[in-house]
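Residue numbers (this note's numbering), protein chains in the order written: chain S, 1468 to 1579; chain H, 10 to 122. Positions of the beta carbon are idealized from the N, C-alpha and C atoms, including for glycine. See below for the structure under consideration.
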């Protein structure tokens, strides 16, 4: 069966520090991968999506970047965190066919 | 500009009664709609979906209705149970959905005993 792993679960980082969140998928090949963010009092905002290795599409200009070095690995990064980067970050995958996306358990990032 | 709108931030329903969650959209290109359920500190879980070629889809206690002319969909939960208390997100996609889902801001459903 397919599973998605996301870590860490919680993270507290100072302003200006770097960030690296990792997401891996098991049990499937060539998935579409997504990074979403839920900021306080807001819905789920799509940040990046990837349909293959090295292919990244950005939905919102921001202080973040994403990379897909392997088929089932998706990384969210920042060189210097801002206070506004705080939020709940979710990785998701889809098989490419119509159907529900599967989300990871999320990372609660607090920038202080 | 928010393309998927859930205008009720919260909804309180008595256990055993029907819960109706509403969602409106503005993008005519959306052709697939989904509902997700989310508990605190967890990722959303898929609940039910509907294609734009249908107006109703039912799965157990959950039914989603789609009114394309009004660009409106709703999720009915009957009977409501305490475990249904969660945040419900409406989402939409177009053209296969490879470029991601567009979510509403969510509605916090509270089931009162």
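Interface flag for residue 1572 (chain S) against chain H is set, since a Cβ pair is found closer than 8 angstroms.
The beta-carbon distance between residue 57 (chain H) and residue 44 (chain H), rounded to whole angstroms, is 5 angstroms. This is short enough to meet the 8 angstroms contact definition. The contact set of residue 1513 (chain S) on chain H, defined by CB atoms closer than 9 angstroms, consists of 108, 109, 110, 111, 112 in chain order.
In this structure, DSSP gives residue 1519 (chain S) an extended state, which the three-state scheme calls strand. The C-beta of residue 1499 (chain S) has 16 or more other C-beta atoms within 10 Å across all chains shown, which makes the residue buried. A straight line joining the alpha-carbon of residue 60 (chain H) with that of residue 74 (chain H) spans about 10 angstroms.
Not a single CB atom of chain S sits nearer than 8 angstroms to the CB of residue 92 (chain H).
About 6 angstroms separates the Cβ atoms of residue 116 (chain H) and residue 20 (chain H), confirming a contact at the 8 angstroms cut-off. Boundaries of the beta strand (DSSP E) harbouring residue 1536 (chain S): 1532–1537, taken from the DSSP string. With fewer than three CB-CB distances shorter than 8 angstroms, the stretch 20–40 of chain H does not count as touching the stretch 1500–1514 of chain S. Within chain H, the residues 109 have their CB atoms less than 7 angstroms from the CB of residue 1501 (chain S), given in chain order. For residue 56 (chain H), the enclosing beta strand (DSSP E) stretches over residues 54–60.
Going by beta carbons, residue 1473 (chain S) and residue 1574 (chain S) fall inside the 8 angstroms limit. Annotation for residue 1572 (chain S): no beta strand (DSSP E) segment contains it, and DSSP assigns it neither H nor E.
Counting of Cβ neighbours within 10 angstroms places residue 64 (chain H) among the exposed residues, the total staying below 16. By alpha-carbon distance to residue 1550 (chain S), the top candidate from S:1578, S:1475, S:1567 is S:1578. Within chain S, the residues whose beta carbon sits less than 8 angstroms from that of residue 53 (chain H) are 1511, 1557, 1570, listed in sequence order. Excluding sequence positions up to five before and after residue 1489 (chain S), its CB lies within less than 6 angstroms of the CB of 1542, all in the same chain and listed in chain order. Chain order gives no chain S residues near residue 71 (chain H), where near means a beta carbon separation below 7 angstroms; the closest approach is about 13 angstroms. From the listed residues H:37, H:94, H:89, the smallest Cα separation to residue 79 (chain H) is found for H:37. Taking C-alpha positions only, residue 23 (chain H) is separated from residue 1481 (chain S) by approximately 44 angstroms. Minimum Cα-Cα distance from residue 1555 (chain S) among the listed residues H:68, H:39, H:53, H:87 corresponds to H:53.
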